[in-house]
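In the numbering used here, the protein residues as written are 27 to 108.
C-beta: ideal position from N, C-alpha, C; glycine also.
Below you can see the structure in the form of structure tokens.
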């Protein structure tokens with residue numbers, strides 16, 4: 027096997043779904059500047075997500091509109107009937 031193939035900063039990271047405040051912890055090597063105190067009392071790096079399996083319509087079975095960037099408003103204003 028090749029030596030030094032895997033990243034050195036592979037660690038536990040908290041991912042937080044901002045649409046419903048659901049958080050989960052898993053291993054990752056993503057770079058982040060924020061940290062959060064987890065349920066076990068330790069501090070871990072935090073990655074904020076716009077959507078996760080807890081808010082995605084495919085997994086929840088609910089059509090929930092998540093529009094954080096105003097894309098729908100831009101589309102409607104651009105293609106509105108005049």
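For a test of the three-state rule: what should DSSP assign to residue i, helix, strand or coil?
i          : result
residue 51 : strand
residue 99 : helix
Can you give the beta carbon distance from residue i to residue j, rounded, assuming they're within the 8 angstroms contact cut?
i          : j          : result
residue 55 : residue 33 : 4 angstroms
Please list, in chain order, all residues of the same chain as residue i whose beta carbon is under 8 angstroms from its beta carbon, the five residues on each side excluded.
i          : result
residue 58 : 39, 71, 72 and 73
What first and last residue would you give for the beta strand (DSSP E) that runs through residue i?
i          : result
residue 70 : 69-75
residue 65 : Segment: none, residue 65 is in no beta strand (DSSP E) and carries neither H nor E.
residue 43 : 37-43
Do residue j and residue i come within 8 angstroms of each other at the CB atom, strictly closer than that value?
i          : j          : result
residue 27 : residue 48 : no
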